[in-house]
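> Pasting a structure below so you can have a look.
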Ligand SMILES: Cc1ncc(COP(=O)(O)O)c(C=O)c1O
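In the working numbering, the protein residues as written are 23 to 404.
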């Protein structure tokens with residue numbers, strides 16, 4: 023391996039998180055959301071690992087992601103394409119029995135057409151628009167589509183009727199979420215009153231599992247919590263206030279490490295890196311780490327981000343470069359070329375979490391994780 027940094031994926035952390043989520047879900051089935059390259063963890067590797075931990079159902083965003091799982095993972099877990107699938111991708115999904123989202127009449131007709139051509143049933147989840155205003159059938163549109171679904175029953179398996187919440191992580195969205203739940207219930211009743219059977223009526227994501235457990239139903243589509251993160255700080259706070267243990271039950275699955283590539287000394291008054299954003303107030307010792315914004319280390323962390331070296335925090339000094347950062351190691355004795363640098367994870371009794379990283383750069387956990395480039399090797403650890 024010649025790469026300047028590596029990402030570690032912890033099996034025991036995932037095992038811990040899956041157990042926590044399953045306990046919350048009770049008898050509901052966990053659909054592990056692995057879109058966005060499994061939130062940056064590496065799609066096929068993560069699916070394999072999660073399968074070994076008892077997750078047998080996965081939600082991806084698009085047909086290309088489902089294809090990767092089918093091609094590269096030996097087992098054949100149930101797959102649900104929650105977003106984009108069209109044309110050849112849709113034909114492939116029908117042929118493979120991969121479940122997919124039907125969010126409008128056009129896709130419904132495509133699904134029926136392909137199923138007829140292949141002499142099989144398309145396995146669909148009908149999305150209901152309940153207030154997010156992104157995709158899905160409004161309740162009235164669903165009513166209008168029901169006769170078509172009824173007449174094409176032999177070409178359709180309605181696996182799910184679902185919706186997605188537009189902010190279950192924050193109390194400030196409470197009214198909106200409650201409205202979504204009510205609209206979803208109307209849609210569900212309408213659907214069932216027409217005599218159509220649906221196996222799963224599902225709505226909960228991570229935040230809803232924690233903040234609106236009444237929405238868990240027969241399936242919950244859980245992404246961020248699998249990886250050991252809370253949807254946001256408020257969700258963690260609400261959990262910890264009710265549980266009063268102060269102990270985070272989730273464990274981060276990901277870690278990110280590099281090494282010191284060079285050490286340089288700067289005299290007082292010297293400028294560090296491009297431009298003039300960092301001047302040494304006194305003699306400084308700088309370690310250069312071969313990770314930059316091209317590797318997902320956000321430029322917003324210039325003069326702000328922290329890494330760990332020899333169990334101590336070192337601050338980013340100057341602008342984050344495309345492929346390197348400079349960090350101040352003046353107060354850390356003995357730092358040498360080749361020393362381990364922790365960008366995310368623990369070293370000694372210190373830790374850099376994605377959350378703190380995110381707060382410094384105003385990036386959400388979700389964004390920061392999914393931006394980690396695919397070509398950084400993911401290494402499995404226990
Ligand atoms: C339709 C849908 N369901 C579930 C999820 C999972 O959300 P989370 O990672 O917050 O659990 C997402 C993610 O954005 C989604 O788009």
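No residue lacks a Cβ here, since even glycine has one placed at the ideal position from N, Cα and C.
Just the C-alpha distance for residue 105 and residue 26, rounded to the nearest angstrom, thanks.
About 34 Å.
> Below 7 Å CB to CB, which residues in the same chain sit around residue 127 once its five sequence neighbours on both sides are set aside?
Same-chain partners within the cutoff: 167.
> Do residue 39 and residue 263 have their beta-carbon atoms positioned less than 9 Å apart in this structure?
Not closer than 9 Å, so no.
> Starting from the C-beta of residue 299, find all residues in its chain whose C-beta is less than 8 Å away, skip the five residues before and the five after it, and write them out in chain order.
Same-chain partners within the cutoff: 324, 325, 340 and 341.
> Just to confirm, does residue 69 get its C-beta within under 8 Å of one of the non-hydrogen atoms of ligand 1?
Because no heavy atom of ligand 1 lies under 8 Å away, the Cβ of residue 69 does not count as near it: no.
> Kindly list the residues whose CB is nearer than 6 Å to the CB of residue 243, restricted to its own chain and excluding five residues on each side of it in sequence; keep chain order.
So the list reads 53, 55, 81 and 227, once near-sequence residues are dropped.
> Looking only at C-alpha atoms, which of 103, 175, 250 and 160 sits nearest to residue 63?
Closest by alpha carbon: 250.
> May I have the straight-line CA-CA distance separating residue 193 from residue 234, to the nearest angstrom?
When rounded, the distance between both Cα atoms is 11 Å.
> Going by other Cβ atoms of all chains shown within 10 Å of its Cβ, with 16 needed for buried, is residue 387 buried or exposed?
Buried: at least 16 other Cβ atoms inside 10 Å.
> Pull up the distance between the alpha-carbon of residue 334 and that of residue 278, whole angstroms please.
Taking the straight line joining both Cα atoms gives about 16 Å.
> Quick one: using the 10 Å Cβ neighbour count with 16 as the cut-off for buried, is residue 232 buried or exposed?
By the neighbour-count rule (16 or more Cβ atoms within 10 Å), residue 232 is buried.
> Closest by CA to residue 219, which one among 206, 182, 186 and 238?
Per the Cα distances, 182.
> Taking C-beta to C-beta, are residue 351 and residue 338 nearer than 9 Å?
Not a contact, by the Cβ cut-off of 9 Å.
> Using beta-carbon positions only, say whether residue 149 and residue 212 come within less than 9 Å of one another.
No, these two residues do not count as a Cβ contact at 9 Å.
> Run the proximity test for residue 155: is its beta-carbon closer than 8 Å to any non-hydrogen atom belonging to ligand 1?
Not under cutoff, so the answer is no.
> Please specify which runs of the beta strand (DSSP E), each continuous and at least 3 residues long, are wholly inside the region 258 to 346, giving them in chain order.
Within the region 258 to 346, the complete beta strand (DSSP E) runs of at least 3 residues are 276 to 281, 284 to 288, 306 to 311, 328 to 331 and 334 to 338.
> Within the continuous beta strand (DSSP E) that includes residue 234, where are the two ends?
First-last for residue 234: undefined, no H or E at that position.
> Here's the rule: buried if 16 or more other CB atoms are within 10 angstroms of the residue's CB, otherwise exposed. What is residue 286?
Exposed.
> Give the DSSP-derived three-state secondary structure of residue 352 in the structure shown.
Of the three classes helix, strand and coil, the one that applies to residue 352 here is coil, per DSSP.
> Relative to ligand 1, is the shortest distance from any of its heavy atoms to the C-beta of residue 244 smaller than 8 Å?
At least one heavy atom of ligand 1 is nearer than 8 Å to the Cβ of residue 244, so yes.
> State buried or exposed for residue 255, treating a residue as buried only when at least 16 other CB atoms are found within 10 Å of its CB.
With fewer than 16 other Cβ atoms within 10 Å, it is exposed.
> Check whether the Cβ atoms of residue 274 and residue 376 lie closer than 9 Å to each other.
It is a contact, given that the beta carbons lie within the stated cut-off.
> Quick one: grab the DSSP three-state call for residue 243.
In the structure shown, residue 243 sits in a strand (DSSP, three-state: E or B).
> According to DSSP, is residue 98 part of a helix, a strand, or is it coil?
Here residue 98 sits in coil by DSSP.
> Compute the minimum distance between the beta carbon of residue 388 and the heavy atoms of ligand 1, and state whether it is under 8 Å.
Checking the Cβ of residue 388 against ligand 1 gives yes.
> Below 7 Å CB to CB, which residues in the same chain sit around residue 70 once its five sequence neighbours on both sides are set aside?
95.
> Where does residue 200 fall in DSSP's three states?
Three-state result, residue 200: helix.
> Helix or strand or just coil, what does DSSP make of residue 214?
The answer is helix: DSSP assigns residue 214 an H, G or I state.
> Count the C-beta pairs between the region 395 to 402 and the region 361 to 372 that are closer than 8 Å, then say yes if the count reaches three, no if not.
Contact fails: fewer than three Cβ-Cβ distances are below 8 Å.
> Is any non-hydrogen atom of ligand 1 found closer than 8 Å to the C-beta of residue 199, if you look at the structure I gave you?
Checking the Cβ of residue 199 against ligand 1 gives no.
> On the DSSP letters alone, give me the boundaries of the beta strand (DSSP E) that residue 32 sits inside.
Counting along the chain, the beta strand (DSSP E) containing residue 32 begins and ends at 27 to 32.
> Quick check on DSSP: helix, strand or coil for residue 35?
Note: residue 35 maps to helix in three-state DSSP.
> Is residue 253 near ligand 1 - that is, is its Cβ less than 8 Å away from at least one heavy atom of it?
Answer for residue 253: yes, Cβ within range of ligand 1.
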